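Colleague:
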Amino acid sequence: MSALNELRALRTPKGAIKHRDASEFRDNRAALLFLGPWIIGFLVITLGPVLVSLYLSFTDYNLLQNPNFTGLENAQRMVEDPRLHQSLGVTITYVLVSVPLQLMVALAIAVLLDRGLRGLSFYRSVLYLPSLLGGSVAIAVLWRLVFGSSGLVNALLAVFGIQGPGWISEPDTALSTLIILHVWTFGAPMVIFLAGLRQIPRQYYEAASTDGAGRWTQFRSITLPLLSPIIFFNLVLGIIGAFQSFTQAYVVSNGSGGPSDSTLFITLYLYQKGFGSFQMGYASAIAWLLLIIIAAATAINFWASKYWVFYDD
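Numbered as in full-length UniProt numbering, the sequence shown ends at 313 without a single skipped number.
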């Protein structure tokens, strides 16, 4: 190896080496200059608070006094906290019901749009709007009015002589209204599905039609397998986003998670403990519990994907 290095040194002028090193240094300096704002923002706004919250999760901290290190006391408290268990049940139910329903609605509408409707760009833009507005306070307030005791839904039911319940004031139906709101925000996954459908070669469908396969058979045997990476992508993002839902439950329930904690998402309970009761140490512990749950759900999805996600290699 030493002889080879000496031979290379003889063939390469020293000036060329110095010039190349200087050029690489200038390129790296320019790259660091442009990356600098992002690196500073990541360290100060993201990584710093994450590490601080990790420390606070082992303390008793009320925002007014210095944190008091308590070890695993917050973890033991979470095991014995019935409202935390209730919030976990509500959140998991919300995720398991709303995410699959949203993906099915998004995929169904994407398939309809993929058939070549006139004014496709207009329909795509209009159907994407709910994804932009669904997480806003204004839409949550509107949803509360629509599903109120004297709201639009009950007014429509009254036309047919049906006395509707107070959808958001009944424990049995309050969570369902939030699930409907989440399903209504199908625009983002729909656009991604539509892009994926446009990438499937049409000759597959033509060959299947020649063999006598119907539309349902083509959808089941061609569309779903080839679209499975897109379904997986939307599924992972949908689960992560659903676990972090907060605004809808906060506005609809006036920040209480009611009625009877039926809309008490874990994010809302975290907010109540951290900024309502000033138990910031316990709230940080709940936040890390949520992080672990999301990471576990994501890992399970990646593990299970090898059984149903197909890549066209």
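Ideal Cβ positions, reconstructed from N, Cα and C, are used throughout, including at glycine.
Note that this is a predicted model, so its numbers are computed, not measured.
So what does ASN68 bridge to, in DSSP terms?
Modeller: Sequence index remark: in the sequence shown, residue 68 carries index 68 (1-based). Answer by DSSP bridge pairing, in chain order: ASP60.
Colleague: Just to confirm, is the Cβ distance from SER284 to SER53 under 7 Å?
Modeller: By one-based count along the sequence shown, residue 284 stands at place 284. By one-based count along the sequence shown, residue 53 stands at place 53. Yes, the Cβ-Cβ distance between SER284 and SER53 is below 7 Å.
Colleague: For ARG198, verify whether its CB is less than 6 Å away from any heavy atom of the ligand GDP.
Modeller: With respect to small molecules bound, the structure shown includes none, and the ligand GDP cannot be examined in it.
Colleague: With respect to the alpha helix (DSSP H) encompassing ARG216, which residues constitute its N-terminal and C-terminal limits?
Modeller: In the sequence shown, counting from the first residue as 1, residue 216 sits at position 216. The displayed chain sequence assigns Trp, not Arg, to residue 216. That run of the alpha helix (DSSP H) goes 215-218.
Colleague: Alpha carbon to alpha carbon, how far is ILE168 from PRO225? Give it in angstroms, no decimals.
Modeller: Taking the first residue of the sequence shown as position 1, residue 225 is located at position 225. Taking the first residue of the sequence shown as position 1, residue 168 is located at position 168. The straight-line gap from Cα to Cα measures roughly 39 Å.
Colleague: Check each candidate in THR173, GLN102, VAL252, LEU145 and name the one with the smallest Cα separation from ILE239.
Modeller: Counting from 1 along the sequence shown, the entry for residue 239 is found at position 239. If we check each option's Cα against that of ILE239, GLN102 comes out closest.
Colleague: Starting from the N-terminal side, write out each stretch of the beta strand (DSSP E) that is 3 residues or longer and does not extend beyond the segment 160-215.
Modeller: DSSP runs (the beta strand (DSSP E)) wholly in the segment 160-215: none.
Colleague: Please classify TYR269 as buried or exposed, where buried requires at least 16 neighbouring CB atoms within 10 angstroms.
Modeller: Stepping through the sequence shown from its first residue, residue 269 is reached at position 269. Buried is the call here.
Colleague: Starting from GLN102, trace the alpha helix (DSSP H) both ways and give me its first and last residue.
Modeller: To locate residue 102, count along the sequence shown from 1; it is residue 102. From DSSP, the alpha helix (DSSP H) with GLN102 extends over 82-113.
Colleague: How big is the Cα-Cα spacing for PHE51 and TYR282?
Modeller: Translated into positions along the sequence shown, residue 51 becomes position 51. Translated into positions along the sequence shown, residue 282 becomes position 282. One point to set straight first is that residue 51 is Leu, not Phe, in the sequence displayed. The straight-line gap from Cα to Cα measures roughly 15 Å.
Colleague: Cα separation between ASN28 and LEU43?
Modeller: On the sequence shown, residue 28 is found 28 positions in, with the first residue counted as 1. On the sequence shown, residue 43 is found 43 positions in, with the first residue counted as 1. C-alpha separation (whole angstroms): 20 Å.
Colleague: Give the single residue among TYR61, LEU35, HIS85, GLU206 whose Cα lies nearest to the Cα of THR267.
Modeller: Residue numbering aside, residue 267 sits at position 267 when the sequence shown is read from its first letter. The option with the nearest alpha carbon to THR267 is HIS85.
Colleague: Give me, in chain order, the residues of the same chain whose beta-carbon lies closer than 6 Å to that of LEU175; leave out the 5 immediate sequence neighbours on both sides.
Modeller: In the sequence shown, the residue the question calls residue 175 occupies position 175. Result list for LEU175: SER262, THR263, in chain order.
Colleague: Under a three-way DSSP split, which group does GLN76 fall into?
Modeller: Locating residue 76 in the sequence shown gives position 76, where the first residue counts as 1. Of the three classes helix, strand and coil, the one that applies to GLN76 here is helix, per DSSP.
Colleague: When you compare each of GLY148, PRO171, ASN74 to GLN163 by their alpha carbons, which one comes out closest?
Modeller: The residue given as residue 163 occupies position 163 in the sequence shown. Closest by alpha carbon: GLY148.
Colleague: Express the C-alpha separation of ARG198 and ALA110 in angstroms, rounding to a whole number.
Modeller: Locating residue 110 in the sequence shown gives position 110, counting from the first residue. Locating residue 198 in the sequence shown gives position 198, counting from the first residue. Rounded to whole angstroms, ALA110 to ARG198 spans 10 Å at the Cα level.
Colleague: By how many angstroms is the C-alpha of LEU107 removed from the C-alpha of THR247?
Modeller: For the purposes of this step, residue 247 is identified with residue 247 of the sequence shown, where counting begins at 1. For the purposes of this step, residue 107 is identified with residue 107 of the sequence shown, where counting begins at 1. So the two alpha carbons sit approximately 25 Å from each other.
Colleague: On the three-pair Cβ rule with 8 Å, is the segment 170-185 touching the segment 209-218?
Modeller: Contact between the segment 170-185 and the segment 209-218 is absent, because fewer than three Cβ pairs lie under 8 Å.
Colleague: Take ILE45 and list the residues in its own chain whose beta-carbon comes closer than 6 Å to its own, dropping the five residues that flank it on each side.
Modeller: Numbered from 1 along the sequence shown, position 45 holds the residue referred to as residue 45. So the list is empty, once near-sequence residues are dropped.
Colleague: Taking the Cβ atom as the reference point for each residue, do HIS182 and SER87 lie within a distance shorter than 7 Å?
Modeller: Against the sequence shown, residue 182 aligns to sequence position 182. Against the sequence shown, residue 87 aligns to sequence position 87. Contact: no.
Colleague: Within this structure, are the beta carbons of PRO165 and SER260 separated by less than 7 Å?
Modeller: Residue mapping note: residue 165 aligns to position 165 of the sequence shown, counting from 1. Residue mapping note: residue 260 aligns to position 260 of the sequence shown, counting from 1. No, the Cβ-Cβ distance between PRO165 and SER260 is not below 7 Å.
Colleague: Note down the Cα distance separating VAL236 from ALA299, rounded to an integer number of angstroms.
Modeller: Counting from 1 along the sequence shown, the entry for residue 236 is found at position 236. Counting from 1 along the sequence shown, the entry for residue 299 is found at position 299. Between VAL236 and ALA299, the C-alpha separation is close to 10 Å.
Colleague: What is the DSSP secondary structure of LEU264, counted as helix, strand or coil?
Modeller: One-based indexing of the sequence shown puts residue 264 at position 264. Coil, per DSSP.
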